[in-house]
Each structure stands twice: as C-alpha cells, then as structure tokens.
Amino acid sequence: MKVLPFTILYPDNKSVIAERIEQPHFYPHLHRHDEYQLTLVERGEGMLLAGNNMHAFKAGDVFLIGSNLPHLFKSNPEFFAADSGKSIKASSLYFNIKGTIGGLFNLPEMKVLKTWLQANQHGFKTDIAQCPELPKLIKSVHDAVGLDALHRFLDVFTSLQNLRHTERLCPADYSADLSESEGMRLGRILHFVMQRYHTHVTLDEVAAVAYMTPQAFCRYFKRHTGRSFVTFLNEVRINEACKSLTQTVNPDGISEAAYKAGFNSITNFNRVFKSVKGRSPRAYLAEFQSVNTYQGL
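With the first letter of the sequence shown counted as 1, position 1 gets the number 758 in the working numbering; the numbers rise by one all the way through.
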C-alpha cells in the first residue's frame, strides 16, 4: 500500500475546503496531504490507519489528522461487497496553515489557536459526545461564503480547543516520514485484520502477511503501534462486538456478539471486554441504554 501524495484543489474564493461525502466506502488508498483534516464520521465503520497507529472508527467519531500524516480510513469488508446496500457518510474540513490561510494564523490574535494546532501536530480522535455542536458548526462552514466562512471556521476550532477528552493518533515523537515499504506493510496487516478478526488468527499467519518471522513481527508491531498484536486484535474484536450489541435494528445478545467477533469463550470475552472498555458487557449496555450520547447521525 503505497503512501500517495494527495493534492487538495482550492477554488479561487476559498482558503478552507468543506467537504461532505456519501458513497459506498471511504477512499481506499493510504495517502497524505499538506492540509490538516478534520473529519466527522456520520455513517460507516472500520479502522483508521494514521501514521504508525490504528484506531477503530464508527458513526459519531471525530478525527483531526495532522499535516502530511499518512492515513487511510479502511471501511469494513462489508462496505465493499456488491449489493450490500451499505454506504458511508462524512463531513470534513481541510486547511493548510502554511498555505493561503497562513496569514490568518500569523496574526497575534491567532497565537493560541496556532500553538494548540502545533501541540496536536499529528492529530487526535474524540467523539461527538465531547462536542455535540460540531455537526452544525461544520455544516455552517460548508454553507457559508466569503468572510462568513472564516468566521464559521474559527467557531469550529474555538469549540475544539475546549475538548477535555482526546486520544492521540500517534505518539508525540512519531516522524511522519513513513517510507513506502512501511506503508505497504502496515496496510497489508490492517487489511488482513479487517478480513479475519472474526476467525481464529495465528501469529504465524499475520507474520507471513508482513513477510517476517513471528518473533520479528512481534517486535515490529509493538515498536510501530505501541501495543502488542494480540492487544490490537482484541481491540478490533471488542469494537465489533460493541457495534453488534448496540445496533439499532435487532441488536445481538452478549453471547452472539462475542462469537461473531471471534471469541470462542464467554468467560474470555467478558475478561477482554472489561480490559478494553473498563467495564463488563452488561454494564456497557446499561450505560448505553441509559445515556443517549449521540443522536441524529
């Protein structure tokens, strides 16, 4: 999976691009661009490969992706199936603080925002519960023209600066100079996991995908993602189980969700679920049902 350079084309009358997409799946290639990217996932599920890390995504998740950070929103396999009836929907803003909007960020009044962006140079993940006004704010940028578009853009980031809970996309010391070979290797691993998470996965199999010995693969994966492969696989499986448990139509029971996600023991599922989510599946469900964290996507 080659890291493709991606050029954002700006109309003559815009320095911020507001994009709203609705299509079968996300752009399927690992790529990077000069712009920061703020994306609200409104519909769809999968894994985000960002630099040397991977994050599950679902409707309601919000991502700030740093300038020139290699990334890929990898939709789940079912979004690529013919006649699946599935589609994704997302709203994004793109802006380059070294480009046409750079003069704005060099103003003394913008020092706090510019420092905040530099502190989040690789980006972060959060969710709409932390910023419930975000969909309306992004839409207002999309609908606005002229000076009003800049006002709306600043409203978005004034709101984001007040976030209390975010998860870094990459370690602070990550270098965005991801080689083509590393991008291809991480892409193969991600594709393998998304295709096989619900089955029995051996270390030999995933190491073979990366063209490495199991021992070398374990060291490589831990060095590039900050966690073991087993931990990452469990996170993917638990994320899928949560979607099964909370889907709007015909949600699965705990046992069914566990087996669908690749667990062959309810005891093991409960243990792993608690280690990933910090509470039992039943407690998670009770919280989900009692607190509607987000509506409308």
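Cβ coordinates follow ideal geometry from the N, Cα and C atoms, glycine included.
These numbers come from a predicted model, not from an experiment.
*On the three-state DSSP scale, how would you describe aspartate 884?*
Here aspartate 884 carries a strand assignment [DSSP, helix/strand/coil].
_For asparagine 996, the nearest candidate out of Lys815, Lys868, Phe830, Ala775 (CA to CA)_ = Measuring from the Cα of asparagine 996, the nearest candidate turns out to be Lys815.
*Excluding five sequence neighbours on each side, which residues of the same chain lie with their C-beta closer than 6 angstroms to the C-beta of phenylalanine 820?*
Same-chain partners within the cutoff: Thr796, Lys882.
_Span separating the alpha-carbon of serine 1070 from that of arginine 800_ = Here the chain covers residues 758 to 1054 and nothing more, so residue 1070 does not appear.
*asked:* Between the stretch 975-994 and the stretch 1011-1030, can you find at least three pairs of beta-carbon atoms closer than 8 angstroms?
replied: With a cut-off of 8 angstroms, the stretch 975-994 and the stretch 1011-1030 count as touching, because enough Cβ pairs lie within range.
_Tell me which residue opens and which closes the alpha helix (DSSP H) that asparagine 991 is part of._
First-last of the alpha helix (DSSP H) with asparagine 991: 986-1003.
*Are the stretch 892-911 and the stretch 842-856 touching by the rule of at least three beta carbon pairs closer than 8 angstroms?*
The stretch 892-911, when compared against the stretch 842-856, does touch it at the 8 angstroms Cβ threshold.
*So, using beta-carbon positions, are arginine 777 and histidine 899 closer together than 8 angstroms?*
Yes.
*Which full runs of the beta strand (DSSP E) of 3+ residues lie inside the stretch 929-981, going along the chain?*
You should have found no qualifying run.
*Option nearest asparagine 877 by Cα separation, candidates His786, Tyr793, Phe763, Arg1028*: Taking asparagine 877 as reference, the option from His786, Tyr793, Phe763, Arg1028 with the minimal CA-CA separation is Tyr793.
*For the alpha helix (DSSP H) holding tyrosine 1016, just list the boundary residues, first then last.*
Annotation for tyrosine 1016: the continuous alpha helix (DSSP H) segment containing it runs 1011-1017.
*Taking the alpha-carbon positions, what's the phenylalanine 1045 to proline 889 distance?*
Each residue's Cα considered, the two are about 17 angstroms apart.
_Under DSSP, the alpha helix (DSSP H) around glutamine 794 begins and ends at which residues?_
Here glutamine 794 belongs to no alpha helix (DSSP H); instead the beta strand (DSSP E) covers 793-800.
_Ordered list of beta strand (DSSP E) runs contained in the stretch 832-900, each at least 3 residues_ = Segments of the beta strand (DSSP E) lying fully in the stretch 832-900: 845-852, 880-884.
*Cβ neighbour criterion (16 or more within 10 Å) applied to glycine 1010*: By the neighbour-count criterion, in which a residue is buried when 16 or more other Cβ atoms sit within 10 angstroms of its Cβ, glycine 1010 is exposed.
*asked:* Can you look up leucine 826 in the DSSP assignment and give me helix, strand or coil?
replied: In the displayed model, leucine 826 falls within coil according to three-state DSSP, outside both helix and strand.
*Just tell me which of Thr1024, Arg1036, Gln972, Gly944 has its CA closest to the CA of histidine 788.*
Comparing Cα positions, the closest option is Gly944.
*Looking at C-alpha atoms only, which residue of His790, Leu806, Thr764, Phe783 is the closest neighbour of leucine 926?*
Comparing Cα positions, the closest option is Leu806.
_Pair within 8 angstroms by beta-carbon distance, glycine 803 and histidine 879_ = Against a cut-off of 8 angstroms, the Cβ pair of histidine 879 and glycine 803 comes out as no contact.
*Straight-line CA distance for methionine 951 to glycine 860?*
Distance from the CA of methionine 951 to the CA of glycine 860, rounded to the nearest whole angstrom, comes to 42 angstroms.
_Residue range of the alpha helix (DSSP H) that includes alanine 816_ = According to the DSSP assignment, alanine 816 belongs to no alpha helix (DSSP H), since it is labelled neither H nor E.
*Coil, strand or helix - asparagine 1027 by DSSP*: Looking at asparagine 1027 - three-state DSSP - the assignment turns out to be helix.
*Does DSSP classify histidine 788 as helix, strand or coil?*
The answer is strand: DSSP assigns histidine 788 an E or B state.
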